[in-house]
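Comments concern the structure below.
Residue numbers (the working numbering), protein chains in the order written: chain A, 45 to 151; chain B, 3 to 548.
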């Protein structure tokens, strides 16, 4: 079952897909100050079932700033977080912020 | 900073209470001039309408009275033959019997008697000298007048009418001489009149709803008044003249009550009262709307003032939080730039600091709290103060970041901070650097620029404890640039694109540190960036010794 939140600002849309002991949160578009609230809401709903693992699918995330990273860092306090298929932009921002290990960035 | 907020909140509260405090509203009984004008206009209109209604009613009453009186005249005219016809017929009968009065008696007797048309009738010779016959008894005191009237008829044929109004026996007297028989006898008759002119109003007759005065003659005068059924006729009267023999009957009448009807006569004050009430109502509505509008305007004014204050507060806070331009010791040239983000209402979380440790070493730092808003600013202020405290305790950069890390928990606050701090030593022309998730420092020297590549720990707030340090050379005259992501982060690119652009631009700068920063910020600072941008440049100055 997939729930999609398309009420976000035109800049981004988010999807939450529960699975077996893990939840996948996808972010498509730009995660910035305008859209970070919707991102946080999607992550909060993903964490409602207290899953063991939270996977961020960020292949189509064209932009993420420190506010988006803060959402990821907060999530890492509540579940084991990993990033799947990061876009280049996201990969570099996570690496340069020293968060590669904290956020489970793939090699 | 909290006192600034408190002061603002008190001021805002005072402003709001002014708007809603009833004691300071204008008295509820003072009305605006606009309301008075509206009410006056409405009352004026009401007055005009009421006056018009009264006029129309008046006009109708007069018209209807005239019609009624004319009708009365017609009725009266129709009744006259009931007097003239018996007389002329009697004259003809008497003429036919050639002086004999038997026919006369027989015919006219039926018209004479109490409650009949005539009270008395007589037959006279044409020359008026002899009475030939008599039916009934004449009214007392009329003997002399009878002779006069008969004589008058003998020279003036037709119906002659006179009224004997003196004394208690008032009568109408008739003398008829046939115009077609010049030698025929004259018929005399009398009709009773009420003993006094004033009679009671009657019902069931055409005159019932009129007050009238009946005169014999063409003019209304007290000496010719036959009957009147009222004590006064008032100002609105109408009259009609009906020919009666050689005389006329004049009726002057006034209405008994309203001829046009109760509604018509009441209309003027109905209009006046209803209109007056409506006018006052309109005035009340106008006043209320006016007051509401003024209250709304006052509220808008208050809201606008609140908004201005909030913006003022934000600006003041922002000013308070903008890191003051740092100064370095004599051996260190320092310059800085702080470019606030586009959205002025939101305070940012960037800072930089330069703190002299001793005569040879200086501490330099830059930091960036994630997000915006007042809490980003307050977190930044706390971290900055804590850092200054740790610096004064003599901690090295790595240990300092560890300590700082214990002060912020991203899980609680939803914020983290990237920090880069270093200690510059002029004895060795080196610097020791530690970084918690911050962008790498840039060293610009002799037309080249390169980023420091060293270990970068996680940002402050993520719970990391260990931060490694790195030593690097900082030659005299080289410029060390620390900056926040506003300088290099753009949509549609990766961070490396921005870093490359900065490196390219910086390598081509020259001059003082301040001039270098001017060149860089003018090239790279963008109007579209919502994030704050902080840039700090430091340079070990060449000694005189080279």
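Each residue gets a CB set at the ideal place from its N, CA and C atoms; glycine is no exception.
Opposing strand residues paired with residue i [DSSP bridges]
i	result
residue 252(B)	217(B), 243(B)
residue 233(B)	According to DSSP, residue 233(B) bridges with nothing at all.
residue 104(A)	Residue 104(A) is not bridged to any residue.
residue 438(B)	421(B), 459(B)
residue 414(B)	Answer is none; residue 414(B) lacks a bridge partner.
residue 465(B)	Answer by DSSP bridge pairing: none, since residue 465(B) is not bridged.
residue 192(B)	122(B), 175(B)
residue 97(A)	66(A), 124(A)
residue 36(B)	Beta-bridge pairing links residue 36(B) to no other residue.
residue 114(A)	Residue 114(A) pairs with nothing; no bridge assigned.
residue 481(B)	446(B), 541(B)
residue 474(B)	433(B)
residue 212(B)	257(B)
residue 353(B)	369(B)
residue 88(A)	Bridge partners of residue 88(A): none, in fact.
residue 145(A)	Bridge partners of residue 145(A): none, in fact.
residue 427(B)	363(B), 432(B)
Helix, strand or coil at residue i according to DSSP, with G and I counted as helix
i	result
residue 228(B)	strand
residue 444(B)	strand
residue 82(A)	helix
residue 202(B)	coil
residue 497(B)	helix
residue 82(B)	coil
residue 367(B)	strand
residue 132(A)	helix
residue 94(B)	helix
residue 138(A)	helix
residue 452(B)	strand
residue 152(A)	Beyond the ends of chain A as shown, which are 45 and 151, falls residue 152(A); an answer cannot be given.
residue 358(B)	strand
residue 223(B)	coil
residue 31(B)	coil
residue 68(B)	helix
residue 396(B)	coil
residue 2(B)	Only positions 3 to 548 of chain B appear in this structure, which leaves residue 2(B) out of reach.
residue 87(B)	helix
residue 262(B)	coil
residue 377(B)	helix
residue 185(B)	coil
residue 11(B)	Low per-residue confidence applies at residue 11(B): pLDDT is 49, beneath 50, and the placement is therefore not dependable, though the value from the model is reported in the following sentence. Residue 11(B) falls in the helix class under three-state DSSP.
residue 24(B)	With a pLDDT of only 44 at residue 24(B), under the threshold of 50, the placement of this residue in the model should not be trusted, and no figure is reported.
residue 58(B)	helix
Distance between beta carbons of residue j and residue i, contact taken as under 8 Å
i	j	result
residue 201(A)	residue 498(B)	Look at the range of chain A in this structure, 45 to 151, and you will see that residue 201(A) is not part of it.
residue 163(B)	residue 75(B)	Their Cβ separation, rounded to whole angstroms, is 17 Å, which puts residue 163(B) and residue 75(B) out of contact at 8 Å.
residue 115(B)	residue 138(B)	7 Å
residue 258(B)	residue 200(B)	That pair is no contact at about 16 Å.
residue 241(B)	residue 254(B)	4 Å
residue 116(A)	residue 77(A)	The pair is not a contact, with the Cβ atoms about 15 Å apart (cut-off 8 Å).
residue 119(B)	residue 193(B)	6 Å
residue 405(B)	residue 418(B)	No, residue 405(B) and residue 418(B) are not in contact; Cβ-Cβ is about 16 Å, not under 8 Å.
residue 462(B)	residue 407(B)	5 Å
residue 350(B)	residue 343(B)	6 Å
residue 2(B)	residue 289(B)	In the structure as shown, chain B starts at 3 and stops at 548, and residue 2(B) therefore has no counterpart that could be examined.
residue 83(A)	residue 58(A)	6 Å
residue 396(B)	residue 436(B)	Rounded, the Cβ-Cβ distance is 15 Å, inconsistent with contact.
residue 502(B)	residue 491(B)	Rounded, the Cβ-Cβ distance is 13 Å, inconsistent with contact.
residue 367(B)	residue 354(B)	7 Å
Residue i classed as buried or exposed, judged by whether at least 16 other C-beta atoms fall within 10 angstroms
i	result
residue 541(B)	buried
residue 506(B)	exposed
residue 440(B)	buried
residue 533(B)	buried
residue 450(B)	exposed
residue 272(B)	exposed
residue 455(B)	exposed
residue 481(B)	buried
residue 382(B)	buried
residue 535(B)	buried
residue 275(B)	exposed
residue 512(B)	exposed
residue 198(B)	exposed
Chain-ordered chain D contacts of residue i [CB-CB under 7 Å]
i	result
residue 404(B)	Protein chains in the displayed structure are A and B, and chain D is not among them.
Secondary structure, alpha helix (DSSP H): runs of 4+ residues fully inside the region 505-544 of chain B: Those alpha helix (DSSP H) runs which fall completely within the region 505-544 of chain B and span 4+ residues are 515-526.
Unbroken stretches of the alpha helix (DSSP H), 4 residues or longer, contained in the region 97-182 of chain B: Along the length of the region 97-182 of chain B, whole alpha helix (DSSP H) runs at least 4 residues long occupy 104-111, 145-157, reported in chain order.
Those runs of the beta strand (DSSP E) which lie wholly inside the region 264-346 of chain B and span at least 3 residues: The region 264-346 of chain B contains these whole beta strand (DSSP E) runs: 334-341.
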